[in-house]
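Residue numbers (this note's numbering): 3 to 140.
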């Protein structure tokens, strides 16, 4: 189970819409208690690839976010990126680049601009994908 505050969902959605037509990306810090991962802070990062088909996080922003996660006593929950023109599912490249089987990979599809779809995925070492439940809270 992944918990995400409505305001953080809106923050991710806004960041991804502003990034169009390119993919947008970011990191997620928070807490883990048993099977429940709670996102406490969303880090909006720059896609230095400026592409609508793939992304690379700005390394300086990434390092700054990781330092902030540690400073706040949070753990790395995962990352997110948008798919401007495709469904909310990991592409072959997404699976290939999913190096950590312990984090969440969130994908926001903006294929239908009026009906964005956010999903969370786990990707194991063999690159098998599982869909994880997201609970959006007040």
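C-beta atoms are modelled at their ideal positions from N, C-alpha and C, and glycine is treated no differently.
Everything numeric in this text was worked out from a predicted model, so none of it was measured.
Got a sec: is the Cβ-Cβ distance from residue 66 to anything in chain B below 8 Å?
Within the model displayed, chain B is absent; a lone protein chain is all it includes.
Residues sharing a beta bridge with residue 69, DSSP:
Looking at the DSSP assignment, residue 69 forms no beta bridge with any residue, so it has no partner.
Roughly how many angstroms lie between the CA atoms of residue 138 and residue 108, to the nearest whole one?
13 Å
Take residue 140 and list the residues in its own chain whose beta-carbon comes closer than 7 Å to its own, dropping the five residues that flank it on each side.
8
Compare the beta carbon distance of residue 42 and residue 33 with 8 Å and say whether it is the shorter of the two.
Cβ distance < 8 Å, so residue 42 and residue 33 count as in contact.
Run through DSSP, which three-state label would residue 21 get?
helix
Straight-line gap, residue 35 to residue 105 (C-alpha atoms, nearest Å):
14 Å
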